[in-house]
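Peer 1:
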Amino acid sequence: MTAANAGVHRHLENWQEWTHHTMILTGPAASGKTTMAAAFEAETDGLFLDDAENYDDTEIFHLWNRANEEQRPLLLLSAKPVSDWEISLPDLQSRLAASLHMEIGPPDQAMIDGLFQKYFAIRGLTISEDALRYLEKRMVRTYAMVRQMAQKMDALAIESRKPINLAIAKLALRHFDGDDEKVDI
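With the numbering used here applied, the sequence shown corresponds to residues -6 to 178, in that order.
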């Protein structure tokens, strides 16, 4: 957890304070919404619905009512704010409007570093500090780009049979900048 998502974590930990036992969590792809929701569900016996904007209004309406009747927290996840959902049931619109809304903002540098460390640790790899510092000044700062960059650097490291270092970071960044010129690793 970093400052980028501290507010979201604080509200997840204090779910008993949610209005109508419901929180709508929005954020960009790969921002950790589903991971946080799965942990939340396991810890609270709550319910969560991923990509909530794609569900039928009636399903969401009944789930919202069930959560309130059972005094269970309901976490609705979406990449889009509720105002962009296509909701035809007025009762659902009013219930969602009365619910707590939280948004995951863009990743800060601590989050980007942590995500790279996490992605590579899962693969049993590490990324050099100079590679991290190089990328922090040059790459597009989105959750999805961190994931794509990690995947590209992993593939380049496998291909070259070398650790993830500054040269691999530079080559991966060139790929996303549209410059696939051959570079020695």
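Here a beta-carbon is modelled for each residue, glycine too, at the ideal position from N, C-alpha and C. Since we're looking at a predicted model, the values are computed, not measured.
(1) Using beta-carbon positions only, say whether residue 123 and residue 80 come within less than 9 Å of one another.
(2) Considering just the uninterrupted stretch of the alpha helix (DSSP H) at residue 151, what are its terminal residues?
(3) Buried or exposed for residue 39, going by 16 or more other Cβ atoms inside 10 Å?
(4) Compare the Cα-Cα distances from residue 189 to each of 36, 152 and 44 and report the closest residue.
(5) Flag this pair as yes or no: are the beta carbons of residue 137 and residue -3 separated by less than 9 Å?
(6) Would you say the stretch 10 to 20 touches the stretch 54 to 71, given that touching needs at least three Cβ pairs under 8 Å?
(7) In terms of alpha-carbon separation, which member of 104, 59 and 130 lies closest to residue 25?
(8) Under the DSSP definition of a beta bridge, which residues are partnered with residue 168?
(9) Would residue 19 and residue 71 be called neighbours here (beta carbons separated by less than 9 Å)?
(10) Given the structure, does residue 57 come close to the ligand MG, in the sense that its CB is under 8 Å from one of the ligand's heavy atoms?
(11) Kindly indicate which three-state DSSP category residue 104 falls into: helix, strand or coil?
(12) What ranges does the beta strand (DSSP E) occupy inside the stretch 43 to 82, keeping only unbroken runs of at least 3 residues that lie completely in it?
(13) Quick check: the Cα distance between residue 140 and residue 165, rounded to an integer number of angstroms?
(14) Express the C-alpha separation of residue 84 and residue 53 in angstroms, rounding to a whole number.
(15) Can residue 157 and residue 108 be called in contact, C-beta distance under 9 Å?
(16) To the nearest angstrom, report how far apart residue 29 and residue 128 are at their CA atoms.
(17) Which residues in the same chain have their Cβ closer than 8 Å to the Cβ of residue 161, if we skip the five residues on either side of it in sequence?
Peer 2: According to the structure shown:
(1) Their beta carbons are not under 9 Å apart, which means residue 123 does not touch residue 80 by this criterion.
(2) The continuous alpha helix (DSSP H) containing residue 151 extends over residues 136 to 153.
(3) Its Cβ being crowded by 16 or more others within 10 Å, residue 39 is buried.
(4) In the structure as shown, the chain begins at -6 and stops at 178. Residue 189 is therefore absent and cannot be evaluated.
(5) No. Outside cutoff.
(6) Judged by Cβ distances under 8 Å, the stretch 10 to 20 makes contact with the stretch 54 to 71, as three or more pairs qualify.
(7) Checking every option, the nearest Cα to that of residue 25 belongs to 104.
(8) Residue pairing by DSSP places residue 168 in no beta bridge whatsoever.
(9) Contact flag set, yes.
(10) No copy of the ligand MG occurs in the structure displayed, which carries no ligand at all.
(11) Residue 104: helix per DSSP, three-state reduction.
(12) Fully enclosed beta strand (DSSP E) runs of 3 or longer: 67 to 71.
(13) Near 12 Å, if we compare the C-alpha coordinates of residue 165 and residue 140.
(14) Between the alpha carbons of residue 53 and residue 84 lies a distance of about 11 Å.
(15) Not closer than 9 Å, so no.
(16) In a straight line, the C-alpha of residue 29 is about 26 Å away from that of residue 128.
(17) Contacts found: 124, 146, 149, 150, 153, 155 and 178.
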